[in-house]
Structure formats: structure tokens, C-alpha cells
Amino acid sequence: MTVESLAFSDETVETFRDMETARAEPGSVWVRATGATPVELERVAEEFGIHHLSVEDIRNGVRPKTEEFEGYTFVLLKTAGLARGDTTFQGEIRAESVGLFVGEDWLVTLSEHDIDAVERIWRAALDGDRRILGRGADFTAYRICDGIVDSYFDVLDLIEDRIEEVEDAVITETDIETLESINSVRRELLSFRKLAWPTREAVGYLARGDPEEVRPETEKYFRDVYDHLVQLVDLTETYRDLASGARDIYLNSLSVSTNEVMKKLTVVATIVLPLTFVVGLYGMNFADSPYNMPELGWTYGYPAVMLGMLLVTVVLVVYFRQEGWL
Amino acid sequence: MTVESLAFSDETVETFRDMETARAEPGSVWVRATGATPVELERVAEEFGIHHLSVEDIRNGVRPKTEEFEGYTFVLLKTAGLARGDTTFQGEIRAESVGLFVGEDWLVTLSEHDIDAVERIWRAALDGDRRILGRGADFTAYRICDGIVDSYFDVLDLIEDRIEEVEDAVITETDIETLESINSVRRELLSFRKLAWPTREAVGYLARGDPEEVRPETEKYFRDVYDHLVQLVDLTETYRDLASGARDIYLNSLSVSTNEVMKKLTVVATIVLPLTFVVGLYGMNFADSPYNMPELGWTYGYPAVMLGMLLVTVVLVVYFRQEGWL
Amino acid sequence: MTVESLAFSDETVETFRDMETARAEPGSVWVRATGATPVELERVAEEFGIHHLSVEDIRNGVRPKTEEFEGYTFVLLKTAGLARGDTTFQGEIRAESVGLFVGEDWLVTLSEHDIDAVERIWRAALDGDRRILGRGADFTAYRICDGIVDSYFDVLDLIEDRIEEVEDAVITETDIETLESINSVRRELLSFRKLAWPTREAVGYLARGDPEEVRPETEKYFRDVYDHLVQLVDLTETYRDLASGARDIYLNSLSVSTNEVMKKLTVVATIVLPLTFVVGLYGMNFADSPYNMPELGWTYGYPAVMLGMLLVTVVLVVYFRQEGWL
Amino acid sequence: MTVESLAFSDETVETFRDMETARAEPGSVWVRATGATPVELERVAEEFGIHHLSVEDIRNGVRPKTEEFEGYTFVLLKTAGLARGDTTFQGEIRAESVGLFVGEDWLVTLSEHDIDAVERIWRAALDGDRRILGRGADFTAYRICDGIVDSYFDVLDLIEDRIEEVEDAVITETDIETLESINSVRRELLSFRKLAWPTREAVGYLARGDPEEVRPETEKYFRDVYDHLVQLVDLTETYRDLASGARDIYLNSLSVSTNEVMKKLTVVATIVLPLTFVVGLYGMNFADSPYNMPELGWTYGYPAVMLGMLLVTVVLVVYFRQEGWL
Amino acid sequence: MTVESLAFSDETVETFRDMETARAEPGSVWVRATGATPVELERVAEEFGIHHLSVEDIRNGVRPKTEEFEGYTFVLLKTAGLARGDTTFQGEIRAESVGLFVGEDWLVTLSEHDIDAVERIWRAALDGDRRILGRGADFTAYRICDGIVDSYFDVLDLIEDRIEEVEDAVITETDIETLESINSVRRELLSFRKLAWPTREAVGYLARGDPEEVRPETEKYFRDVYDHLVQLVDLTETYRDLASGARDIYLNSLSVSTNEVMKKLTVVATIVLPLTFVVGLYGMNFADSPYNMPELGWTYGYPAVMLGMLLVTVVLVVYFRQEGWL
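Respectively, the protein sequence lines represent chains A, B, C, D and E. Everything in the first sequence is counted per the working numbering, starting at 1 for the first residue and increasing by one. Everything in the second sequence is counted per the working numbering, starting at 1001 for the first residue and increasing by one. Everything in the third sequence is counted per the working numbering, starting at 2001 for the first residue and increasing by one. Everything in the fourth sequence is counted per the working numbering, starting at 3001 for the first residue and increasing by one. Everything in the fifth sequence is counted per the working numbering, starting at 4001 for the first residue and increasing by one.
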């Protein structure tokens, strides 16, 4: 909504409504444009000789990158936030583009909405933070990069929480929702990796010190951000592996469950079916004859049969217990 | 079917039937050949010194590429369209080859059928579009590349729709058709990736500004197209992951279903089989004896047995409910 | 079996029994050795200064490659044919080695058996083909490469047919043979890829024009063959994906089948078992008493029970229909 | 907790409380800071011109790396230990960071806790070990690297033991815990690989001898450590494969078990169900008529039926035995 | 156990007990140390200026490699043998390290045990083999490399035999042992690949002719060995694919088996259960009444019911036959 300018030298810091006046001041100038109108953008671009394609890149949300232009270096970064639906995970990372144009003694930051990391550094500058004043445009750019990358760690922490939730769920609940949660976490990680990888590349380019706007003493700081990004990518891989492990266990719980259901069914059938056969046997209507089911005529025939069936049952139950089927 | 020529300078634009006359004009010339006959192609190739192998490449539909020849740079691109059968997805991308021959002050475009992106830029040129007049042959080539790559996004949108359809289907329908749809979407994505990758390479070659026909100020624009292609490849990967996730859920739905069917069978067997045993028991024909089934002689024998069976049934049903089997 | 020599210039072509005489002729010479004896090979190698390791490479059937030696470039290619057993696929590509030794003004081709592509070009040369005469040794080598690579497409066509057969089979037949066919197709594709990859590399080396025996104007033609090889590798990947998809569907058909068998079993058990219980119930032999099964004494007892059972059956059938189990 | 200094030349070795005095001595100096306070760290950093970002890297635990700074080379390594919960594996490698700052004639080692490998070399130095005295700072750094990498082998040995445990478990126990153990082993290996890979890179950098603080004669020794790391990575891959194999067998045991349960159920049902039908048959109450179940009137009816059923049972049992179902 | 020396020139070959005397002879010298004592090794190392780290590498069994030292090139190779337990495959390759130190006019070979390939070449040298005498130290080294790599093919042949055994087993036997055999074959292949890959690299280094001890005319021969190694790696991949295919078929056989068991169970249940219901029906004890089971009073009631049941059975059997369930 606004374009603000800030001139800072070794000792002093001052804000200006007007870019040109700010630039005239000794020291470096930082122009921050947040949700600026096309007209405002046009004016900023003209003042600093910024190519209109770079401005369009920020709007189109292309992947993070560093590009050298005549007179400045363009760094496109993205903030990361977890998109969350009402009740379910979305499996997506919400990303906001920020453009950093680093000139020799000027810095222009461009974004559509307020970016936390930029806002914080801006206020620190106004408060006369010693790590900004007298450090030049490239160092301020480093501070912003560092802030954005730090916020990535918060996102990964949230994802880690979700993985833990999911890891608890896989053993107890074998419904489809659990699998969907796992898939959404994996998607978030994938989506996050797609953010972290090109950012790593973009910052690595600055760390190698190729652009002349980055002074040798600032390179080391970008290398530090680069190391953080390497760590982030590593963590992402670890979490991906955790999510895969959870998925394996989930799928396996199901197989174990089916196996156990089958065992129970077999136990019931093996015990009850033969018994049913026996009672059916003594329900047959053969004519009286000494060879036809003499047991039916016995005085203790019924208790004897009952005892026999009990015995068979006990033996089978003990057997299935030992086999671990019960 | 025709070969048309167009000469354009900073201010004027004019069409000619005749290539030679057009070339004689100051400024740049654009010759567009659509479905030209071998004889016509021969004449165009001769006029601009185009190698006959390049012309054959367009006909054979080899993969997108950029090649430098003496006096011109040859860019082979492909349009993308979704092939759709009557009722089922085909799993294929319909691709049409377009050849761009970029000389210092001339551009030849070659294709077998009308290409939307080429057609549109041609008309824009005729309308005196400021972004073509006075911009030279390489910039016009960029405009065509940009148009073709933009149309790729439409294809990806269609694929996204299909993925959403498929994602809804996997939970409810566990038939083979669903798996076939998933497979066809994955094939489309694979097929699309095979288009996007070499295109990215071909455009990247132009963006790096190696061919001398591409002026430094145009490189930046090709870099922009290149970034779009990177974004496309990224999206393709994301969609592939979504399709894989859908496939996982589909396969899992089936396992869950089998597991539940087994549970139901076990419940039915566990409840009904013992009851059948009991009624069989009281169907036995033992001789009258005080030890043989005295229950049969009881006045309330039948209600007692019925009650007993009811009790067992209720207990089992409650148990299975608690276990989540019912 | 023979070593034949052929001398060709811009206008004339002539065969010689004798290499030395052929070489003395103006223009280029092509010596074709097919299944030559060690003694003959020795003589050819000596005449053209060919290293004996290259000759051994052809016999040993090492992978396709291009190697530069002093005075000539050695190109080892392989033809591809589908090995077919009596009734089943073999899953293997039959490959025959061909060695091309390209000197400045001479070409030696070496193979153990007759090679179609070589034979065809030889005859074309004898017929005074304008695309061989006056084109030099490197162009003739290109013609042979092109012929061999073209024959690769025939092999891929055959494989495509098999994939289509297999795709039809997977839905209807869930026996092990189907899986074995799929595996054999995949093996053929793997085996084919192992042929195409190094060939691509070998031809790519010629296309880049590193060997001095390849003149700049011939490079373009090798680049064309290279593009065909890239297309072949692409196709192989697509077919591999199709085969994988077929395998997925096959494995899934089986799961669907098991799921459906289970459903049928459950339906049968759920309907018949309770009915059996009911009829067992009325088979019990309780003593006459107003509380013991009064239904048995009813005039319409039997029809009532039959009706009740019919009702239960109908309700269950309708229920299972709705659930899609029947 | 302390910062200790040690000066060593070709022949003598001496400890100092005070860094400055130690540095004034001829020969090399080694300053070891273990769990030093910020103030102490500050003093060390100032004395040797160490960049504060490197110190932060050690605290933040970024991945192992080698970085060249003006006047020194910074090597960040990590020790490896297996984290073990009370009863279950944790699936994680406990890593401790150690920073080595190698100057021309000085070495600073920094860590938060006591590191075994550092401690051991320190004592060896005090004992006048010939492989430290007169060998310079880079060689001492090599000794520490070597010690840390050696301790990696102990960790891999522990993991190997676990794999063996798991391999025994997979065949006998098909519960979820076994799968969790396998997953935790795989995670440990992954986690270990993440340690070994960048360490390999970091040491490889030293082995190539790029930093000028590493003298040519010491390069060979770092190359040796590098070879050990390659061996470690190889071993990790082998163990990963073993773990995957164990997982396959586990998952398969389950399928085999389900298959066998099903076979048993089918055997029971196939034998008992027909018999139950037969005995039900002779329990029917048809009116006396020469055509209605004459068997019931036979003198030997019952023994005949029993014999028949026994025969059927024996035949079925023999059949199922042959099929391997029993 | 011994250190032997051999001096060979263009024409003569002679063995010496003493290295120094051998070296004094014109031509090249080959010192072969097999299982030498530390003292002997020390003396050899001193005589030829061999670095002690290389000697340790051989003992430690690090992966194959080529390293250049001042004055010589060190090639570490490994022989391959299949470790075979009493009754089961071990899944491991037994590897023996051999060190080749190639100087300008000397060759030292070092190993702990007798190595076949070295032994054979040694004897060939003594026999005055024309392919060793007058060929120099580098060519002799090539001969040894060639011999070792040739022995790799024997190992692969053995593995191929095992794969064939396994391929036969997967269709007939679905027990866990089969899966374990497959896994052990895959492990052997993995283990073999880990041997072949670095060997390929090591030989490739020699083939590129970087070390100055390798003369240009010998490079070609190393290139030949390199080609063999490429072929070996290719074969390994093919065998891995065969093993994977066997594993797929094994796992699938099990699913097919379970599917068929389920079908049989369902067939039995579907046929027998309804019949049991029918016979139960006519066992009910309803009071005499014209509406209660009049069938029981019919003269041909029993034959009618039997016929009806037979009919139902025949219909069901025919149906299941058609469906392929029987």
C-alpha cells in the first residue's frame, strides 16, 4: 500500500516520503514497497533502473532465484506458511514472494503483502540497530534473507508436530483418514522442499560472491544462511523418511489385523463345526437295530457325548493358545 | 497450406505474397509457412539458406531443441493438447511441432497445421503491436515461445481437474476403472514432462544468449520463459505426487475393504455357528434316561434355551461393537 | 566369409578383389569384411593400420562406443533383433556387433555375420546412389549408422505390440503367466535401453565433430541420427511406464478378485447360516408343554416359518445388492 | 569449562594457562577450549582472528564442512553416538560438534563437551608422542579427524548388531514391534549417512590440499581418512540393504501366515461341512414309504454311513496332505 | 611369505633373491611380495620409495583405487570370490586386496595371500612370454589387471546359475526360504557391484593415461580392461533386474495362491451350506397338518428332494467351472 524510503549511514538513520531526497543523502538508502500500485512500482523501477521482468517475476511467483542485472542483483525469495483448512490438513505450503534488489548503495524490497521478516528489520533499522547502520545495502539484504530462512524452521517444527500425531495414529487407527493425513504431511514436505531447494541455490549464488554488489566481508554471512538452508533440506529429508516409516507401519497394521481376523474365524470354525457334526450325528433317525447308533440307547450316552465334545474343545483351545492364535 | 511473408520495421508493417520483395524492404521479415508443399518448403529453405535436416526434424517430430547453424538459429518447439477418447482418458499428450528459424533480420516459422500461438502473434504484428514492430526477429521469436509455453499451463489445468476427479473416486469406488484413470493421468503427466524438459533446455540455451542472433536485451525475455518452464516442471512433479497419493489411497481402500469384509464374516460365523450347535444339540435322539438331556423334559426348557442363546448373542454383539468390528 | 573392396569417387564406382588396387584408385575406398578369417582380418588391419584391440572388441561384443585412434576413428555399433523362443517371450534382445573404421578416404566395416543395413548401403553404392558417390567415407559411415538406428524402431514396434497384448491380458487373466509376460517385456525394454544408451553416446561423439575424420558438413547428419536415438530412448521410457502400469493393474486385479471372492463368501454365509439355525431350532425334541415351541403345533406353523425365512433372505439380498456386494 | 594451551616443537611439549605465552614459544601451539564461556571464546577468537560465524556454526550444529578463511582453515566435524531409550531403539544418532581451526603454526579446537578423540590426542601430545611432536598443526588436526572417523566404525558395529537381532526376529515374530525395530534401524542408518556424507566431503577438501594450511606431506594422510569415510559410506549402503531385506522378509512372513491360515480354514470347512450335511440328511422326517430313505431301515445302515464318512475324510486328508495344505 | 624379484628385458628374464641386484640389471624389474613380514615390507618400501599409507591401504582393504605418488602410481585392486556356507548362500563376495606399484622401470605387487592372476603372469614371465618381455612395467601391470577382471566374469557366471535356480523355485515353492535365496543373490550382486564400480574408476584413470608411468601405447590396453568392466557393470544390472523379477513373481505366486484358496473355500461353502439348510428343513418337527410340510408325507418325497439337491449342486459346479473357480 505504501512506498517508504530510509537513508542510513554509519551513525544516522532517517525516513523520507520521497525516494529522490533519500538517495541524495550520504550513506545507503532502503526503499520498501509493500503492495504498491503499478504507478508507484513504475516510479521505483525507473529511479533505480530495475527491469520490468523482475517486477513481474515477483507477481507471478516464480521459484526463488538470484539474477544479476546491470547495476543491481535481484534476489527473489519466498516466505513459508502452513495452509490449514478448518479440520483437515491441506498438504500445501502458503508462499509469499519478496523481491530484493541490491545495488551498490541502495536496497529495494518489493512484496504484495506485509512480510514479517522485512518489517522486523525495517524497525530495527529505525531503532538504530548497530548491525544495520554502517553495514551497507548487501548486509541489510543478508539480514532479511536470514529472517526469512529462520521462519522456515518454524514451519518445519509444525510439520514435525504433525508427524508425531500421525505416528501415534498409525498403530491404533487403521482407517483411510490416517493414510490421508500421512499423505498430506508428505505433500507438505515435498512442497516445502520445493521452496528450500531453489532458495538454497539462490543464496548459494550470493555466498559464492559472484555478484559485485555483495562485498567479500558479507559473503561469509550469506554462507551462514546457506548452511542453514542445507540443514533445512537435511531435516526435510529426515521428516520425509519418518513419514514414509509411519506409512509403512500403517499399511502393515492393516495386514496384521486381517491376519488376526482370519485366525479368529478359523479358530471358531475349527472348534464349532465338528461339534455341530457330532450333534447332527445323534439326530439321525436310523431304525432300531443293534448296529444302529447303540449310543443313543445307553443310560449315560448324553453325558458321555457332552464330555467328549468338551474334551475336544479344551484340546483345541489349548492348541490354538500355544500357536498364538488366541 | 500457404507461405506468407511480412516485413516490419520500427513504424510500418506490410504483407507480401513474395518472399524476395519482402526481404528487400528495410527492417525485418517474417515468413510463415503452414502446411507448405515440398516445393514451397524447398524455395523457403533456399532463400534463407536453411538446412534440409532441420525441415525434416519438424516433420519427424523429434524432441524440442535449439541448434545453431551458419547464419541462423533453429528452435524446434511443440504445442501441447490433451488427446481425449470418447469416454476414457487416453493418457497421451497430442503434440504439434513448430520450427522457428531466427536469422539476424528474418524469422521463418514452419508447421504442418495452424498453430494458435503463431497465428495470434501474426495478427498482433499486422495490427501494429508495439511489442513486435521495431523489436526485431529474435523478440518476435520470444513472443511465439512465450505463447506456446503459456498454452502449456492450460494443459496442466486440465490435468489438475482430472486429478481432482480421481481423488474423489478413490475413496468410494474400488473398481479397476479407477486405477486405470489414475494410471492414465500419470501417463499424461509423464508425457507432459517429456515435452517440458527438453523445451526448458532449448529455451535455456537461448536465455544464456549463446546464439548470436539473440541480442543481449532479448536474453532477459527468454530467461523469463525459462522461469515459466521451470515452474511448469515443478507443477508436473507436484501433480505426479498427487496422483501417486491417490493411487496409494485407492490400493489401501481395497485392503481396508477386504479387512472389513473378513470382520463381518467372522462376526456372522462367531455368532450363528455356536447357536446352530446348540439347536442341533437338542435335536439329538437319545433314549429316555434321567441322564440323557433332562432339559428336553422341562416345562420351560425351550424358553430357557432361547433366553440362553439370546444372551450369548447380545454379549457377542456388544463385544464386537466395542472392538469396532460392527 | 569374404572381404570385398569398393572404390568410389564423385562419378564412378568399382569393386575390386584386391584392397591395395582399390586404394590406389582416386576417391574413397570401402572394404567390407563379413565373417572374415583371422588371416584375412590380419591383412585388412595391416593395410589400414587398425589396432588389434578394436578387432577383438567386435568379437567380444563390448558395448557400442566411438574411439579415436591415430589415422582413423573406430565406431562400434550393434544391430538389434528380438530373440523369440518357440512359445514364450525370451525377454532378450539379440545384438550383432558391427565395427566401422573411418579413415580420411577409406572405410572398413567388420562383422561376423551379414548385417542388413551394411548390405543395403553396399548395394546402393554399387547402384551409383548419389547420396554415397562423391560424399566420402564419413558420409557412408553415417548412412550405415542411420540404417542400423532405423532398424531399432522396428524392434520397438514389436515390443509395443507385446505391451498391447499384455495390457489386454491383465484385466481378464490373473495367472502367473501374465506376470511373466509383463516381466519379459520389461526385460526386453531394459535390454534395449542398454543398447540405445551407449549408441546415443557413441553417435553423439561423432555429432559433436571431435574426430577429424568427420567433416563439418557430415556432423549435421550424425546429429540427426543422434536425435533419433534420443527419441528412441524417450520411447523406451514411455513403454517402460506402460509396462509398469500394466503390472500395477495386474496386481490390483488380483486384490480386487480376492476382495470379491470374500464378499461372495460372506454373503452366502450371512444368508444361509441363520436359516440353518432356524430349521435346526424347529428340529429340537423338547417335551410337549405349552411353553415348548408352541409354533410346532400351529396349523400354519410351517408356512409361517418359511415365509419368515424368505423375508429375511429377501431383505439380506436387497441389502447386499445396495452395498454392491452382489 | 576450560581453555588450555599447549606448545610443541620438534622435541619439547609444554602446557600453558595463557595462550599468548604459549604462542610466543617456538614451534606450534594447540589451544583446546571445551565448554568455554562466551567471554573465553571471545578472547580465543580475537587472539587467532577467528570469525564469530564459525564459532556460531559449532553451537548451531550445522553439518560437517571445511571452510577457508583468511589465515586459517575451519573444519567442522561431528562425533557419532547411538541414542538409546530405556527399552526401545530411538532411531537417532547423537552427534556432538567439534570445530578445528588450523592455522600455519597453531590449532584451536572448540567443543561444548569433552570429545574422546580430542582428549586422547591431547594426552598423547603431553606424553610426547612422536607422531605429534615436530609434525605441525595440520598433522595434529589429521590425528583428531582420524580419531573421530575411527569412532564412526564403532557406531556402525552397534548398528550391525541390531540388524542381526532384527534379522532373527522377522521370521518368528510377525508383530508390529518388529517392523518398528526395522524402521528404527533404517532411520539410524539414514541419520548416520547424513553424518558421513558431508564429513567425507569436508575431509576430501583437505585431502585435495586446497587450503594452504595443509602441507603436501599431510594431504596423503587426509586422503587416508577420506578412504575410510568412503568405506563407511559403502558399509552404510550394505547395511541399508540388509535392513531392507529384513523388512521384505517380515512383510512376506505375514502374507505366508495369512495364506496358511486360509488353507487351514478351507481344509476344516471342506471336511466337516459335507459330513454335517450327511448327518442332517438322515435326520429328515420323511413318512414311511419304500422310496423314502430306505437306508434308515437297514440293519447295518448306521455303520455303513459312518464308514462312508470315514472314507471321505481319509481321502480328503490324504489329498490335502499331498497338496501341502496340511 | 616371500619376496621374489624378477628382472626382464627385451630378450632375457631372470629371477633374483635380492631386489638390489635385480634392479641393477638392464630392463625392468618386478618384485612380488606375498604375505611378506613387516620387516620385508619395510625393506621393499624403502627400496622403491613406497609410501607406508599405501601399504596400510592394502592391509585395511579399502576400496579399489588408483593414486599417483612421486615416482610411481599405486593401483589397488581386489579379487572376487563367492563365499559359500555349508548349505545356504552367504550373500557376500570374498575379496582379496592386491597392490600394484608401477614405476617407470619397476613393478611391485603386494598381497597377503597368493593371487591366481598374479601367479599366472609371473609364471608366464618366467616362461619368456612375448607379451611381457620387452613390454615394460606398465604392460605387465595391465596383464595382471586383465587377469583379475577376467576372474570377475567367473563370479558373475556363478551368480547367474543361482539366479536360474531361484527362478525355477519361485513358481513352485512359496516358502520363506525362497525369498531368502533371492535376497542373498541380490546381496551378492550389490556386493559385486561395489567391487566393480570403483575398479572401473581406478582402471579408467589408467586408461585416460594421466599417470606418466603409463605409456601412450599401453593406455589402449587399459581402455580394453575398462570396457570389460563396463560390460561387467552392465551384466550386474541385468542380473539385478532378473532377481527383482523373480522376487515379484514369488510375491505374486503367494497372492495367487491365497486367491485360489479363498475361491475353493467359497465354492465349498456355497454348495454345501444351502444343502445342509434343506436337510435341516425336513428335520423340523411340525405337528401334522395339511399345511405343515406335506412333502414329508409324499411317497416320492425323499427321491424328489435328493434330485433337487443334486440338480442345485450340478448347476453350481457348472457355474463355478465356467467362472474358473474350480
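Think of the CB as a built atom: it goes at the ideal place given N, C-alpha and C, for glycine as much as any other residue.
- Query: Below 8 Å between beta carbons: does that hold for Tyr4282 of chain E and Leu4296 of chain E?
  - Reply: Here the question's residue 4282 of chain E lines up with position 282 in the fifth sequence. Here the question's residue 4296 of chain E lines up with position 296 in the fifth sequence. Taking 8 Å as the Cβ cut-off, Tyr4282 of chain E and Leu4296 of chain E qualify as a contacting pair.
- Message: Just to confirm the assignment: which complete alpha helix (DSSP H) runs, minimum length 4, are found wholly within the region 115-145 of chain A?
- Response: 116-126
- Taking Asn1292 of chain B as the query, report the chain C residues whose CB atoms sit under 7 Å from its CB, ordered along the chain. For the purposes of this step, residue 1292 of chain B is identified with residue 292 of the second sequence, where counting begins at 1. Residues of chain C passing the Cβ test: none, with the nearest at roughly 11 Å.
- For Val4314 of chain E, which three-state DSSP category applies? The sequence position of residue 4314 of chain E within the fifth sequence is 314, counting from 1. Here DSSP, grouped into helix, strand and coil, assigns Val4314 of chain E to helix.
- Unbroken stretches of the alpha helix (DSSP H), 4 residues or longer, contained in the region 3145-3223 of chain D: DSSP assignment within the region 3145-3223 of chain D yields the following whole alpha helix (DSSP H) runs of 4 residues or more, N-terminal first: 3176-3207.
- Task: For the region 2042-2059 of chain C, enumerate the residues whose C-beta is nearer than 8 Å to any C-beta of chain E, in chain order.
- Result: Here the close residues are His2051, Leu2053, Glu2056 and Asp2057.
- Message: Let me confirm a value: Arg1186 of chain B is counted as buried when at least 16 other C-beta atoms fall within 10 Å, else exposed. Which label applies?
- Response: Position 186 of the second sequence holds residue 1186 of chain B. So Arg1186 of chain B counts as buried.
- Message: Considering only DSSP beta bridges, list what Trp1325 of chain B is partnered with.
- Response: Position 325 of the second sequence, counted from the first residue, corresponds to residue 1325 of chain B. Paired residues: none, contrary to the question.
- Cβ of Asp2175 of chain C less than 8 Å from any chain E Cβ? Position 175 of the third sequence, counting from 1, holds the residue named residue 2175 of chain C. Taking Cβ atoms only, chain E reaches closer than 8 Å to Asp2175 of chain C, which makes this a yes.
- Within 8 Å (strictly less), CB to CB, does Asn183 of chain A reach chain D? Translated into positions along the first sequence, residue 183 of chain A becomes position 183. Asn183 of chain A has a beta carbon lying at 8 Å or more from every beta carbon in chain D.
- Are Ser1151 of chain B and Ala1080 of chain B close, meaning C-beta to C-beta below 8 Å? For the purposes of this step, residue 1151 of chain B is identified with residue 151 of the second sequence, where counting begins at 1. For the purposes of this step, residue 1080 of chain B is identified with residue 80 of the second sequence, where counting begins at 1. Ser1151 of chain B is a Cβ neighbour of Ala1080 of chain B, given a cutoff of 8 Å.
- Task: Show which residues of chain C have a CB atom less than 9 Å away from the CB atom of Gly1204 of chain B.
- Result: Counting from one through the second sequence, the residue named residue 1204 of chain B turns up at place 204. Those do not exist, as Gly1204 of chain B stays about 17 Å from chain C at its closest Cβ, beyond 9 Å.
- Item | Positions along the region 4208-4242 of chain E whose CB lies within less than 9 Å of some CB in chain C | If the cut-off is 9 Å between Cβ atoms, the region 4208-4242 of chain E has Lys4220, Tyr4221, Arg4223, Asp4224, Asp4227, His4228, Val4230, Gln4231, Asp4234, Glu4237, Thr4238, Asp4241 and Leu4242 near chain C.
- Going by DSSP, which residues form a beta bridge with Asp2095 of chain C? Your numbering for residue 2095 of chain C matches position 95 in the third sequence. It should be noted that the sequence gives Ala, not Asp, for residue 2095 of chain C. Its beta-bridge partners are C:Ala2080.
- Message: Could you check whether the region 4235-4244 of chain E touches the region 2230-2238 of chain C, counting it as contact only if at least three pairs of C-beta atoms, one from each stretch, sit closer than 8 Å?
- Response: no
- Message: What residue range does the beta strand (DSSP E) around Val3003 of chain D cover?
- Response: As a position in the fourth sequence, residue 3003 of chain D is number 3, starting the count at 1. Here the beta strand (DSSP E) through Val3003 of chain D covers Thr3002 to Phe3008.
- Message: Output needed in chain order: residues of the region 273-299 of chain A with a Cβ under 7 Å from some Cβ in chain D.
- Response: Leu273, Pro274, Thr276, Phe277, Gly280, Leu281, Gly283, Met284, Asn285, Phe286, Ala287, Ser289, Tyr291, Asn292 and Met293
- When DSSP builds the beta bridges, which residues end up paired with Arg1032 of chain B? Taking the first residue of the second sequence as position 1, residue 1032 of chain B is located at position 32. Paired residue(s): B:Glu1004 and B:Thr1109.
- Start and end residues, alpha helix (DSSP H) containing Thr2021 of chain C: Here residue 2021 of chain C is taken as the residue at index 21 of the third sequence, counted from 1. First-last of the alpha helix (DSSP H) with Thr2021 of chain C: Met2019 to Ala2024.
- Met293 of chain A and Met306 of chain A closer than 8 Å at C-beta: For the purposes of this step, residue 293 of chain A is identified with residue 293 of the first sequence, where counting begins at 1. For the purposes of this step, residue 306 of chain A is identified with residue 306 of the first sequence, where counting begins at 1. No, the Cβ-Cβ distance between Met293 of chain A and Met306 of chain A is not below 8 Å.
- In chain A, which residues lie less than 8 Å from Leu1189 of chain B when you measure between Cβ atoms? The sequence position of residue 1189 of chain B within the second sequence is 189, counting from 1. Within 8 Å Cβ-Cβ: nothing; Leu1189 of chain B doesn't reach chain A, min ~15 Å.
- Task: Could you name the residues that DSSP lists as bridge partners for Thr73 of chain A?
- Result: Position 73 of the first sequence, counted from the start, is the residue given in the question as residue 73 of chain A. Answer is A:Glu68 and A:Val102.
- With 16 as the cutoff for other CB atoms within 10 Å, does Arg208 of chain A come out buried or exposed? Counting from one through the first sequence, the residue named residue 208 of chain A turns up at place 208. Exposed: under 16 other Cβ atoms inside 10 Å.
- Task: Please work out which residues of its chain come closer than 7 Å, Cβ to Cβ, to Arg4063 of chain E, disregarding the five sequence neighbours upstream and downstream, and give them in chain order.
- Result: Your numbering for residue 4063 of chain E matches position 63 in the fifth sequence. Once the five neighbours on either side are set aside, the close Cβ partners of Arg4063 of chain E are Pro4198.
- Task: Give the interface partners of Leu265 of chain A over in chain D, defined as CB-CB distance under 7 Å, in chain order.
- Result: Along the first sequence, read from residue 1 onward, the residue named residue 265 of chain A stands at position 265. Leu3265, listed in chain order.
- Task: In the DSSP assignment, find the beta strand (DSSP E) that holds Glu1014 of chain B and state where it starts and stops.
- Result: By one-based count along the second sequence, residue 1014 of chain B stands at place 14. From DSSP, the beta strand (DSSP E) with Glu1014 of chain B extends over Val1013 to Phe1016.
- Counting pairs of beta carbons, one from the region 25-45 of chain A and one from the region 101-115 of chain A, are three or more of them closer than 8 Å? The answer is yes - the region 101-115 of chain A touches the region 25-45 of chain A, with three or more Cβ pairs under 8 Å.
- DSSP three-state assignment for His4051 of chain E, whether helix, strand or coil: Stepping through the fifth sequence from its first residue, residue 4051 of chain E is reached at position 51. Coil at His4051 of chain E, not helix or strand.
- Query: For the candidate residues D:Val3029, D:Asp3010 and D:Glu3011, whose alpha-carbon lies nearest to that of Arg3017 of chain D?
  - Reply: Translated into positions along the fourth sequence, residue 3017 of chain D becomes position 17. Comparing Cα positions, the closest option is D:Val3029.
- Task: Quick one: list the residues of chain A neighbouring Ala1269 of chain B, beta-carbon separation under 7 Å, in chain order.
- Result: Position 269 of the second sequence, counted from the first residue, corresponds to residue 1269 of chain B. Simply Leu265, Val268 and Ala269.
- Contact residues within the region 248-262 of chain A, judged by C-beta distance below 8 Å to chain B: Leu251, Leu254, Ser255, Ser257, Thr258, Val261 and Met262
- Query: How many angstroms separate the CA atom of Gln322 of chain A from the CA atom of Lys263 of chain A?
  - Reply: Residue mapping note: residue 322 of chain A aligns to position 322 of the first sequence, counting from 1. Residue mapping note: residue 263 of chain A aligns to position 263 of the first sequence, counting from 1. CA-to-CA, the gap between Gln322 of chain A and Lys263 of chain A works out to about 13 Å.
- Query: In the structure shown, what three-state DSSP assignment does Arg2063 of chain C receive?
  - Reply: Here residue 2063 of chain C refers to the residue found at position 63 of the third sequence. Arg2063 of chain C: coil per DSSP, three-state reduction.
- Query: Taking Cβ positions, are Val279 of chain A and Gly1280 of chain B nearer each other than 8 Å?
  - Reply: Along the first sequence, one-based indexing puts residue 279 of chain A at 279. Along the second sequence, one-based indexing puts residue 1280 of chain B at 280. Yes, they are a contact pair.
- Query: Going along the region 2100-2120 of chain C in order, which residues come within less than 7 Å of chain B, judged by CB to CB distance?
  - Reply: none
- DSSP on Phe3286 of chain D, reduced to helix/strand/coil? As a working mapping, residue 3286 of chain D is identified with position 286 in the fourth sequence. Note: Phe3286 of chain D maps to coil in three-state DSSP.
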